[in-house]
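J.: Take a look at the following structure, please.
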Amino acid sequence: MRRREPESNIEWKRWGKKDPLWGVAAWAGKEKDGTNPWTDEAFYQLGQLDWQDYQERWCKYGVDNQSCLEIGCGAGRLTMHLAKFFERTYAIDVSEGMLAYARQHITKPSVLFQLVDGTSLPIATNSITAVFSTYVFQHFDSLAYATEYFREISRILTIDGSMMIHLPIFHWPPKTPIISRALLGFKRDVEDIKARIRRWFIIQELSRPIMRNLVYPVNYFYNTLPELDLINIEINVIAVADNGAHAFVFARKNNV
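All the letters of the sequence shown, read from the start, carry residue numbers 473 to 728 under the working numbering.
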């Protein structure tokens, strides 16, 4: 997965400098200059509530708690609680600001934080029993980029190791008109152009960071993941305390 650093890193790095807590949990009024800004206590308590729901569902699917890689740990909202469940937690992010905040509040020796550039997972092959991520894959620029991440996840997972990844999912209704699909493609192209323009303004510190929203078709997982040796694919919708229901894809490293 070694390649050019993704452009989507630009906005996340800026959130790490501007407002790490609201960049992770973007609730109205919770900005650091908002009417009711996040406190550390409320921010990490929210993570605890969410993790309780996630842990329950992952345990039903089947998870080995020996080790976990968290992709896009941000300010550690969930890392703090992953570290109570897994014997060893590796937490990576592309934002120095986010990692600095997380390190300040999570000092458990079983947690290893690492700055990455979003082009590879710095973990040895067949060495991790679980991979977790939330509010990250939705901000990628393309499905092709996501596929490279899933390829890396498959590489680092042990045999029978599992992943739990949050991302937005959609399904085309039967007999969807071709024109509808074409219009969606056109809309994505327009959004790409707008994102490039706004990122230029972000670099010049003239614009608020953007939040991209990549949506995954259901068939993508069943067509792509088995080719990467990821099987037993399940899609679950989990209701959480922060902002409604979220879709997660589960899969397991092939043991053949």
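Quick reminder that beta carbons are idealized off the backbone N, C-alpha and C, glycines included. Remember, it's a predicted structure, so these values are computed and weren't measured experimentally.
1) The beta strand (DSSP E) that contains Gly716, what's its start and end?
2) Taking contact to mean at least 3 C-beta pairs separated by less than 8 Å, is the stretch 501-519 in contact with the stretch 541-551?
3) Leaving aside the five residues before and after Gln520 along the sequence, list all residues of the same chain whose C-beta is less than 7 Å from its C-beta, in chain order.
4) Please identify the residue among Cys531, Thr561 and Ile625 whose C-alpha is closest to the C-alpha of Gln538.
5) Can you name the residues that DSSP bridges to Val603?
6) So does the stretch 566-574 actually touch the stretch 592-611, counting three or more Cβ pairs closer than 8 Å?
7) Compute the distance between the beta-carbons of Leu702 and Ile625, then report whether it is under 9 Å.
8) Ile705 to Asp536, Cα distance in whole Å?
9) Return the chain-ordered list of same chain residues with a C-beta closer than 7 Å to the C-beta of Thr619, the five sequence neighbours on each side being excluded.
10) Please list the segments of the beta strand (DSSP E) lying wholly inside the stretch 542-568, counting only runs of 3 or more residues, in order along the chain.
11) Would Thr579 pass as an interface residue toward chain B - the criterion being a Cβ-Cβ separation below 9 Å?
12) In terms of alpha-carbon separation, which member of Trp523, Leu629, His577 and Asp589 lies closest to Tyr638?
13) For Ile578, which of Arg486, Asp589, Lys556 and Thr597 has the nearest alpha-carbon?
14) Please classify Leu493 as buried or exposed, where buried requires at least 16 other C-beta atoms within 10 Å of its C-beta.
15) For Tyr692, which residues of its own chain have a beta-carbon under 7 Å away from its beta-carbon, when the five flanking residues on both sides are left out?
16) Which value, in whole angstroms, describes the spacing of the CA atoms of Ala717 and Ala563?
17) What's the call for Asp512, buried or exposed, on a 16-neighbour Cβ count within 10 Å?
18) Would Thr606 pass as a contact of Leu629 if the rule is Cβ separation under 9 Å?
19) Taking the C-alpha atoms as reference points, what is the distance between Trp502 and Asn726?
20) Roughly how many whole angstroms lie between the Cα atoms of Ala497 and Glu699?
21) How would you call Ala723, buried or exposed, if buried means at least 16 neighbouring beta carbons within 10 angstroms?
22) With respect to the beta strand (DSSP E) encompassing Ile707, which residues constitute its N-terminal and C-terminal limits?
T.: So, from the listed chains and residues:
1) Numbered from its first residue, the sequence shown carries residue 716 at position 244. Note, Gly716: beta strand (DSSP E), Gly716 to Lys725.
2) yes
3) As a first step, residue 520 must be located in the sequence shown, where it is residue number 48. Result list for Gln520: His553, in chain order.
4) Counting from 1 along the sequence shown, the entry for residue 538 is found at position 66. Minimum Cα distance to Gln538 is reached at Thr561.
5) Along the sequence shown, one-based indexing puts residue 603 at 131. Bridge partners of Val603: Leu541 and Met635.
6) With the cut-off at 8 Å, the stretch 566-574 and the stretch 592-611 do not touch.
7) What you label residue 702 is simply residue 230 of the sequence shown in a count that begins at 1. What you label residue 625 is simply residue 153 of the sequence shown in a count that begins at 1. Yes; because the gap between Cβ atoms is below 9 Å, this pair is in contact.
8) As a position in the sequence shown, residue 705 is number 233, starting the count at 1. As a position in the sequence shown, residue 536 is number 64, starting the count at 1. Roughly 17 Å between the two C-alpha positions.
9) As a working note, residue 619 is residue 147 in the sequence shown. Closer than 7 Å at the Cβ level, and outside the excluded window around Thr619, lie Thr696.
10) 560-565
11) This model lacks chain B altogether, as it is built from one protein chain only.
12) As a working note, residue 638 is residue 166 in the sequence shown. Before going further, note that residue 638 is His rather than Tyr in the sequence given. Nearest option by C-alpha distance: Trp523.
13) As a first step, residue 578 is located in the sequence shown; it is residue number 106 there, counting from the start. Closest by alpha carbon: Lys556.
14) In the sequence shown, residue 493 corresponds to position 21, counting from 1. By the neighbour-count rule (16 or more Cβ atoms within 10 Å), Leu493 is buried.
15) Residue numbering aside, residue 692 sits at position 220 when the sequence shown is read from its first letter. Leu615.
16) Mapped onto the sequence shown, residue 717 falls at position 245. Mapped onto the sequence shown, residue 563 falls at position 91. Cα-Cα distance, rounded: 24 Å.
17) Stepping through the sequence shown from its first residue, residue 512 is reached at position 40. Looking at its Cβ environment, which holds fewer than 16 other Cβ atoms inside 10 Å, Asp512 is exposed.
18) Looking up residue 606 in the sequence shown gives position 134. Looking up residue 629 in the sequence shown gives position 157. Against a cut-off of 9 Å, the Cβ pair of Leu629 and Thr606 comes out as no contact.
19) Working through the sequence shown from its first residue, we reach residue 502 at position 30. Working through the sequence shown from its first residue, we reach residue 726 at position 254. According to the sequence as given, residue 502 is Lys; it is not Trp. Each residue's alpha carbon lies about 42 Å from the other.
20) For the purposes of this step, residue 497 is taken as the residue at position 25 of the sequence shown. For the purposes of this step, residue 699 is taken as the residue at position 227 of the sequence shown. Rounded to the nearest angstrom, the two C-alpha atoms are 34 Å apart.
21) Within the sequence shown, the letter at position 251 stands for residue 723. Looking at its Cβ environment, which holds 16 or more other Cβ atoms inside 10 Å, Ala723 is buried.
22) Reading the sequence shown from its first residue, position 235 is the one you call residue 707. Its beta strand (DSSP E) spans residues Leu702 to Val712.
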